[in-house]
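Notes for the one structure printed next.
There are 2 protein chains.
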Amino acid sequence: MSVIKVAILGFGTVGEGFYRTIQSHAEELTAVLGKKVEVAAILIKNKQKERDINKDVLVTTEFTDILNLPQLDVVVEAIVDKDPTYIFLKKAIERGCHIITANKEMFAHYGQELLELAKEHHVSVGYEATVAGGIPVIQTLRQLLNVNRVQQVQGILNGTSNFILTEMREKKLSFAQALRAAQENGFAEADPTNDVEGFDAFYKAMILSRLAFGEEPNWHAVERLGITSITRELIDTAERLGLRFKHIASISKSSHQLKVSVKPVLVGNEHPLYHVEGVQNAVNISSDIVGQITLQGPGAGMYPTASAVIEDLVYVCQNRPESQGLLSTSETNTAISDLEQKEENWLLAGLFNNAIDPSIKLIEHVEDGTWIAKGKKGEIEALSTQNNELIFFPIIGEYEKEQISARVAL
Amino acid sequence: MSVIKVAILGFGTVGEGFYRTIQSHAEELTAVLGKKVEVAAILIKNKQKERDINKDVLVTTEFTDILNLPQLDVVVEAIVDKDPTYIFLKKAIERGCHIITANKEMFAHYGQELLELAKEHHVSVGYEATVAGGIPVIQTLRQLLNVNRVQQVQGILNGTSNFILTEMREKKLSFAQALRAAQENGFAEADPTNDVEGFDAFYKAMILSRLAFGEEPNWHAVERLGITSITRELIDTAERLGLRFKHIASISKSSHQLKVSVKPVLVGNEHPLYHVEGVQNAVNISSDIVGQITLQGPGAGMYPTASAVIEDLVYVCQNRPESQGLLSTSETNTAISDLEQKEENWLLAGLFNNAIDPSIKLIEHVEDGTWIAKGKKGEIEALSTQNNELIFFPIIGEYEKEQISARVAL
Numbered sequence: 001m002s003v004i005k006v007a008i009l010g011f012g013t014v015g016e017g018f019y020r021t022i023q024s025h026a027e028e029l030t031a032v033l034g035k036k037v038e039v040a041a042i043l044i045k046n047k048q049k050e051r052d053i054n055k056d057v058l059v060t061t062e063f064t065d066i067l068n069l070p071q072l073d074v075v076v077e078a079i080v081d082k083d084p085t086y087i088f089l090k091k092a093i094e095r096g097c098h099i100i101t102a103n104k105e106m107f108a109h110y111g112q113e114l115l116e117l118a119k120e121h122h123v124s125v126g127y128e129a130t131v132a133g134g135i136p137v138i139q140t141l142r143q144l145l146n147v148n149r150v151q152q153v154q155g156i157l158n159g160t161s162n163f164i165l166t167e168m169r170e171k172k173l174s175f176a177q178a179l180r181a182a183q184e185n186g187f188a189e190a191d192p193t194n195d196v197e198g199f200d201a202f203y204k205a206m207i208l209s210r211l212a213f214g215e216e217p218n219w220h221a222v223e224r225l226g227i228t229s230i231t232r233e234l235i236d237t238a239e240r241l242g243l244r245f246k247h248i249a250s251i252s253k254s255s256h257q258l259k260v261s262v263k264p265v266l267v268g269n270e271h272p273l274y275h276v277e278g279v280q281n282a283v284n285i286s287s288d289i290v291g292q293i294t295l296q297g298p299g300a301g302m303y304p305t306a307s308a309v310i311e312d313l314v315y316v317c318q319n320r321p322e323s324q325g326l327l328s329t330s331e332t333n334t335a336i337s338d339l340e341q342k343e344e345n346w347l348l349a350g351l352f353n354n355a356i357d358p359s360i361k362l363i364e365h366v367e368d369g370t371w372i373a374k375g376k377k378g379e380i381e382a383l384s385t386q387n388n389e390l391i392f393f394p395i396i397g398e399y400e401k402e403q404i405s406a407r408v409a410l
Numbered sequence: 001m002s003v004i005k006v007a008i009l010g011f012g013t014v015g016e017g018f019y020r021t022i023q024s025h026a027e028e029l030t031a032v033l034g035k036k037v038e039v040a041a042i043l044i045k046n047k048q049k050e051r052d053i054n055k056d057v058l059v060t061t062e063f064t065d066i067l068n069l070p071q072l073d074v075v076v077e078a079i080v081d082k083d084p085t086y087i088f089l090k091k092a093i094e095r096g097c098h099i100i101t102a103n104k105e106m107f108a109h110y111g112q113e114l115l116e117l118a119k120e121h122h123v124s125v126g127y128e129a130t131v132a133g134g135i136p137v138i139q140t141l142r143q144l145l146n147v148n149r150v151q152q153v154q155g156i157l158n159g160t161s162n163f164i165l166t167e168m169r170e171k172k173l174s175f176a177q178a179l180r181a182a183q184e185n186g187f188a189e190a191d192p193t194n195d196v197e198g199f200d201a202f203y204k205a206m207i208l209s210r211l212a213f214g215e216e217p218n219w220h221a222v223e224r225l226g227i228t229s230i231t232r233e234l235i236d237t238a239e240r241l242g243l244r245f246k247h248i249a250s251i252s253k254s255s256h257q258l259k260v261s262v263k264p265v266l267v268g269n270e271h272p273l274y275h276v277e278g279v280q281n282a283v284n285i286s287s288d289i290v291g292q293i294t295l296q297g298p299g300a301g302m303y304p305t306a307s308a309v310i311e312d313l314v315y316v317c318q319n320r321p322e323s324q325g326l327l328s329t330s331e332t333n334t335a336i337s338d339l340e341q342k343e344e345n346w347l348l349a350g351l352f353n354n355a356i357d358p359s360i361k362l363i364e365h366v367e368d369g370t371w372i373a374k375g376k377k378g379e380i381e382a383l384s385t386q387n388n389e390l391i392f393f394p395i396i397g398e399y400e401k402e403q404i405s406a407r408v409a410l
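Chains as they are written, first to last, in the UniProt record's numbering: chain U, 1 to 410; chain C, 1 to 410.
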């Protein structure tokens, strides 16, 4: 029986989870692929550290050692940094290897280049593990895109932020307390910036944008806000209104206009993302034929992510050279119109002076300085430039209008 | 450019939805398949009925006309009855056609035979549309099964029943009123037996069982209960306890024992199926590496189902001859042990005589004659044979025990 030789770059949570799963599920893999999978080499940083790795495996700190292996079919990359990782993967593709990555930051930056290079070299790129861990989001989107025209993808893509928001609401904690709980549970790094400021979700949104719409917005024009401005008081107010704060990445396209945002949003209880709690991730896909589908599951963790990598391994080994993720890219970097033409519902807090633009309708007085309002995004933003204390959050969810009118009517 | 010739058997909701979608999304399909898809023939029942079908298409009441077409690559079956449909598909496979079916009753009965015959003839079988309409359940399970060992599949697989239960709870309707609402909305047939007695969900469960575990239970040994015994009062009681009635198909396997049931279950609000409302379907898959994933979306309807059929069209045209859905079948028809060894929580109603088996613990008195109890399934069943008025429902959901103990403690 012939053998598939794999190299793993990085032996952290994801790299090790993949290595262990290949061993524990060797029989299943062989049955699916018709070939035995063998880890030939692992790239590590620190030679001193003790690791439980089989003696037959080449463990090295030099990527060149891996590139010079006599047989190498697939390179699995599970490093955190984006450089020089990109160069490693470029060289692997040029050598004719399929590549699989779990590195969202790298793939958000260099995904397009890698996909194009892979197409040229007739190899495949797996990146299921870059978005939403064990949930097969990339696979499902690829599948839907065979025929459906996707209109919108909305997701809770960062488990750390979602855990913090859930803890704050359920246990009445402050942001700082909930962050500490996340750190103690191993759900947040010592420096949590990447998660709580929305960078991690932003990278994932860029990857989804390219897959769903064949293009990305100009990165600098994307509204990216983290959850650090969400206080206990805001969460309490939202709860009284039957709403929940969720950190939502939203990617949509209508009449050639791509819109991407990553920010805290108030979600009504009829919306499928309302119920996604703790470290769970979820993605809601709207497309023209099938309508709305929601996928929910573990967004991180050693084994869920390893499962995504192994699904990719099957995908790339079944040898479908890259073609998808490469839709027409003629309209890349579409400018984002700042002024939305659609009226939305908003929660406004810190609004004590009611002399506001009459096109913004205050539809419910929640409590001192806090209102539910209806208006266009540009109008609300203009209001906030006149009033430094004002903070505002959009409200999503199909039935929120009815709920609100019901309350106002009371 | 070469052409893929397709015949459609049946021109009801699913057949017509598929036909229209092929026309509206022709460009996408050609891009994915590298070939043009042409509907060559449609099998109908009634020649008199007027239909909006292109003149180039052979419209016939005779399957033989279709089988005798000079070129025929794929047969899409969207008939309701199981006979003689099975024979049509058998002949199509023998002619070397890929087949796609949306017919759960037929596929539950004859799926295994068709899959084996297809393997022999090196063609593929698509059956995504048989379970949960537009939600890619089959595809996701296939993908997960590449490596994961699936432990349990739980699903809300019948939109009609779920709509009725939702209406009863939200609008305080009786079963009869909610059924009438379902019929008026086109969600239930004039004869609703198939949906409300759980037959439809049962067929889907059999298909999932074969895919996930490579085997089916003995059909007669499966506990299949519909929702006709659920009253407004029971729903009110459940709501007061923070629980919801859902009609759940559950397929699980542990230590070589396959367990399948299709019945009303009380679900706690932390469970992903608690929030699935109206005609939505959802499936929760537990597997060893990835953990729990939930998929939710439209379980029926012209276009969602058409989308599933078209995904199958891509799947079969990419020419992966059948191999899956054919796991080891050495242990088919595993007997189901009647006496469960695990203690569960139950809602018991109609229990006025408290002289019960002491191994059943009554842990909360909900209201007159209604209790929350903890006990083994066999014990509860034995209790009900002594007491004709007793009805009982299992409670699922991770946190229900804590909720219950919290209430008891109050």
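Built from N, CA and C at the ideal position, the CB exists for glycine as well.
Model, not experiment: these values are computed from the prediction.
- Nearest to Asn146 (chain U) by alpha-carbon distance, out of U:Phe213, U:Thr13 and U:Glu239, is U:Phe213.
- Among the residues facing chain C, Leu165 (chain U) is not included, as its CB has no counterpart in that chain under 8 Å away.
- Asn162 (chain U) carries a helical assignment under DSSP once its states are collapsed to helix, strand and coil.
- With a cutoff of 8 Å on beta-carbon distance, Ala249 (chain U) and Gly155 (chain U) are scored as near each other.
- Under the three-state reduction of DSSP, Ser255 (chain U) is assigned to coil, being neither helix nor strand.
- In this structure, the beta-carbon distance from Ala92 (chain U) to Gly10 (chain U) does not fall below 8 Å.
- Across the set C:Ala221, C:Ile53, C:Asp52 and C:Lys90, the C-alpha of C:Lys90 shows the shortest separation from the C-alpha of Glu116 (chain C).
- Between Val290 (chain C) and Gly369 (chain U) the beta-carbon gap is near 45 Å, outside 8 Å, which marks them as no contact.
- The beta carbon of Glu197 (chain C) lies closer than 6 Å to those of Gly226 in the same chain, with the five residues before and after it left out.
- Secondary structure of Ala7 (chain U) (DSSP, three-state): strand.
- DSSP lists U:Val267 as the beta-bridge partner residues of Ile396 (chain U).
- Sorting U:His109, U:Glu120 and U:Ala108 by C-alpha distance to the C-alpha of His98 (chain U) places U:Glu120 at the top.
- Counting of Cβ neighbours within 10 angstroms places Ile396 (chain C) among the buried residues, the total reaching 16 or more.
- Under the DSSP assignment, Glu379 (chain C) falls in the alpha helix (DSSP H) whose first and last residues are Lys377 to Gln386.
- At a cut-off of 8 Å between beta-carbon atoms, Asn148 (chain C) makes contact with chain U.
- Taking 8 Å as the threshold, the shortest C-beta distance from Tyr127 (chain C) to chain U does not fall below it.
- By the Cβ test, the segment 306-314 of chain U is in contact with the segment 288-306 of chain C, since at least three Cβ pairs between them sit closer than 8 Å.
- Val125 (chain U) has its alpha-carbon roughly 7 Å from the corresponding atom of Ala118 (chain U).
- Non-local C-beta neighbours of Ser261 (chain U) in its own chain, meaning closer than 7 Å and more than five positions away in sequence, comprise Val222, Glu223 and Ser250, ordered along the chain.
- The Cβ of Tyr19 (chain C) sits no closer than 8 Å to any Cβ of chain U.
- Interface with chain U (8 Å Cβ-Cβ cutoff): Val6 (chain C) is excluded.
- The C-beta of Ile87 (chain U) has fewer than 16 other C-beta atoms within 10 Å across all chains shown, which makes the residue exposed.
- Beta-bridge partners of Leu243 (chain U) (DSSP): U:Gly268.
- For Glu277 (chain C), there is no enclosing beta strand (DSSP E), since its DSSP letter is neither H nor E.
- Within the segment 71-147 of chain U, the runs of beta strand (DSSP E) that reach at least 3 residues and sit entirely inside it are, in chain order, 74-77 and 98-101.
- Uninterrupted beta strand (DSSP E) stretches at least 3 residues long and entirely within the segment 282-322 of chain C occur at 291-298, given in chain order.
- With respect to the 8 Å criterion, Thr140 (chain U) and Thr294 (chain C) are not classified as neighbours on the basis of their beta carbons.
- A residue is called buried once 16 or more other Cβ atoms fall within 10 Å of its Cβ, and Pro217 (chain C) is buried on that count.
- The C-beta distance from Val74 (chain U) to Ile100 (chain U) rounds to 7 Å, short enough to fall under 8 Å.
- The beta carbon of Gly96 (chain U) sits closer than 7 Å to those of His121 and Val123, all from its chain and outside the five residues before and after it, given in chain order.
- Taking the Cβ atoms as the reference, Glu343 (chain U) lies roughly 6 Å from Gly375 (chain U), within the contact range of under 8 Å.
- The C-beta of Thr130 (chain C) comes no closer than 8 Å to any C-beta of chain U.
- Shortest Cα-Cα distance from Lys49 (chain U) to any of U:Glu189, U:Thr61, U:Ala41 and U:Lys377 involves U:Thr61.
- In this model, Asp312 (chain U) and Ile207 (chain U) are separated by some 16 Å (Cα to Cα).
- In the DSSP assignment, the residues bridged to Thr370 (chain U) are U:Ala349 and U:Glu367.
- In the three-state scheme derived from DSSP, where H, G and I count as helix and E and B as strand, Glu223 (chain U) is classed as strand.
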